[in-house]
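These notes are about the structure you will find just below.
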Amino acid sequence: MEIPVTNPAPIVRIRGSLGPKVLSKSPELLNQSFPTVLAEVLQNARRASATRIEIEHFGAEGGGTLVVRDNGRGITDMAKLVTFGASGWDERTDVMENAAGMGVFSLASRGVTVRSRGHRVTLSRAVFCGEAEAAVLPDPETVDGTELLFPVDERAVRQTVERVCRYYPIPVTLNGLPVAQSAFLAGAEHVVEWQGLRLGVFREVGPKVLDLFDRHRGWDRRLYLNFHGHVVECGAAVALAEVGGPTRSVFVDVVSAPDLRLVLPARNEPIDNDFFRAMRARAERALLEAVALGTTHSLPFDDARRAKAMGIELPPVRIPLTPWRLLTDVTRHRIEELPGPVVLGTPGTEVLLTDALGIGQCSAVNLDLILRGWSGRPRVVVADSRFEGYREYDTLRVVRAISAVATDAEGSDEEFPGSTIRSGTAPQDAEYHVVETLSARFMVAADARKWAQPAVMHEAAVPFFFADEPSFDGMPSFLVVRGTEPGDLSDALVEGFFVASEDVDNDSSERQLEAFSAEARDLARTLLLDGDAAVAARIVEHLRNIRWELRSLQKGSIELHIVEDQIGSTIRIVGPSGREVTAIL
């Protein structure tokens, strides 16, 4: 059987082309904001080898005319100005800067008059869109350079010119006065020349760039690149922070880097290619090189290890650690001078680590209590995992727990391990015990990275010890020595355990503090005073609350007669005139 042969369908071939609407839509396709237009004009002047730029602004704000004049090579073929995508630059400039041939089209919606090398042409929107022709006329007055004249409806022209020209490499004048300009990497701590770029490392404050983007974002959060005066935001910053020290960031200045690609035509963002990624990697190395120039450093261990892998020799490490202190709702609002960091290797008592995040509230208050009464106490600091790996840090001993031994009225001893430094217990009903003696033990472990068995480093008598984390009413379980001043216990409870609630149904934090303080005083009096003394103390507290009223009696007196009947207590008040007032409470 003969199989019929079918002819295959012809292969269709296609290629990119420009549609008829490209020119007509060019004013909308390209950014026409005043800063973009001015930046494009300045870039063209630089490529034409201009050595000076003169800008003049005529007319009122919001309706003026701008003239930009340079002394460059000028324009040999005016037709190139309105040929979309055609560049009139020489081959070297075209390759080195990836010229797009679209820059002048940013003026399409405004219209522009161009004068150069003895000729003049006025380009309207219709000319740019290919809908009309423009006559190139003789202009004998223009011999050298190029002059562009175009309308500006924007306000604050002077400020815009100053921002756009800030890092432009050619001197600029505005209405005859020099515009303030500076080198992009002026003040850099370390500069690296790499592949036609200059990578500048800045310690803390870098070049002034935020106002170029109308943003208030921190300068160290982005990478900025200066393309011959046009500053481009290039994603996340290349930055390196020392612990307790400076944050360094890299800024990039373009000299001649043909492999660097920016999105055309406005060049407002980079293309993430191999060159761009290599640039960021070189910038990371430049940061470590800058640190290596110092006499010491405080880099996290991971960064120091990275430097070693790159063959960069860093100076000796300086490890600053934050002194530990009791932080509660009460103590953190006190106005007091905070101590500076404890630097390992400096003279002083032994440095011990504690975990400020994992420590339970009871352990924190107990730790603060035992340190206050300890003459020659160690320097207790907050653990910082960023330094783990340094021998100086890893060999520090660590505070693991504060435990206690109490003696009750029968003379029996009982141990209370307390909440460990690593974790607290869940809230539960609080228990309070009055004991005869109480001794706290300061427990430490061998080093920061090993869970060695803790041992007693110091033991001291204490008036109270907090055993379990606060209950649902905010009070912790605790032991207190008989004879302790009630005020000392209540002050410790308030300082260590008051937590203001932000619930909308609650009173202000000040009123909450007053209520908690009153509850703490009442609890302390109930535990540490006999019945009559506790009642008397409560009465005195209430009298303190009306002390301004009492002062009105001047030299008078108050007597309170307590009778055990249904009538109640009789209060007798005698004023300074001798007049007597009695009442039944």
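In the numbering used here, the protein residues as written are 145 to 729.
Note that CB positions come from ideal geometry on N, CA and C, so glycine has one too.
On a predicted model such as this, the values are computed, not experimentally measured, just so you know.
When DSSP reads this structure, S393 sits in a beta bridge with F346, A383. Counting every other CB atom within 10 Å of its CB across the protein chains shown gives P460 a total below 16, marking it as exposed. Ranked by Cα distance from L408, the options V226, V248, A589 are led by V248. Distance check between M454 and each of L470, I463, R426 places R426 closest, using alpha-carbon atoms only.
Taking all protein chains shown into account, L431 has 16 or more neighbouring C-beta atoms within 10 Å of its C-beta and is therefore buried. DSSP places S547 in the uninterrupted beta strand (DSSP E) bounded by 541 to 551. As a beta-bridge residue in DSSP terms, N370 pairs with V375, D397. Taking C-beta separations shorter than 7 Å and ignoring five residues to either side along the sequence, the partners of F419 in its chain run D403, L404, following chain order. Between P351 and F395, the CB-CB gap stays under 8 Å.
A straight-line Cα-Cα distance of about 6 Å links A596 and A589. Per DSSP, W468 has no beta bridge partner at all.
The bridge partners DSSP lists for D214 are I197, T290. I514 sits in a helix when the DSSP states are folded into three classes. Taking every protein chain shown into account, the CB of H334 has 16 or more other CB atoms within 10 angstroms, so this residue is buried. Contact check for G492 against R523 passes: the beta carbons are separated by less than 8 Å. A residue is called buried once 16 or more other Cβ atoms fall within 10 Å of its Cβ, and R157, having fewer, is exposed. Residue pairing by DSSP places M587 opposite A545, V600 in a beta bridge.
With a 10 Å radius around the Cβ and a threshold of 16 neighbouring Cβ atoms, H477 comes out exposed. Of all alpha-carbon atoms in R716, T581, T475, the one lying nearest the alpha-carbon of L637 is that of T475. Of the candidates A605, M246, G389, M246 places its Cα closest to the Cα of T180.
Taking 8 Å as the cut-off, the Cβ atoms of I546 and A584 count as close. Counting the other Cβ atoms within 10 Å of the Cβ of D512 gives 16 or more, which makes it buried. Per DSSP, the unbroken alpha helix (DSSP H) holding D418 starts and ends at 418 to 436. At the C-beta level, A252 and S170 come within 8 Å of one another. In the assembly as shown, P414 is a buried residue. Its beta-carbon has 16 or more other beta-carbons within 10 Å.
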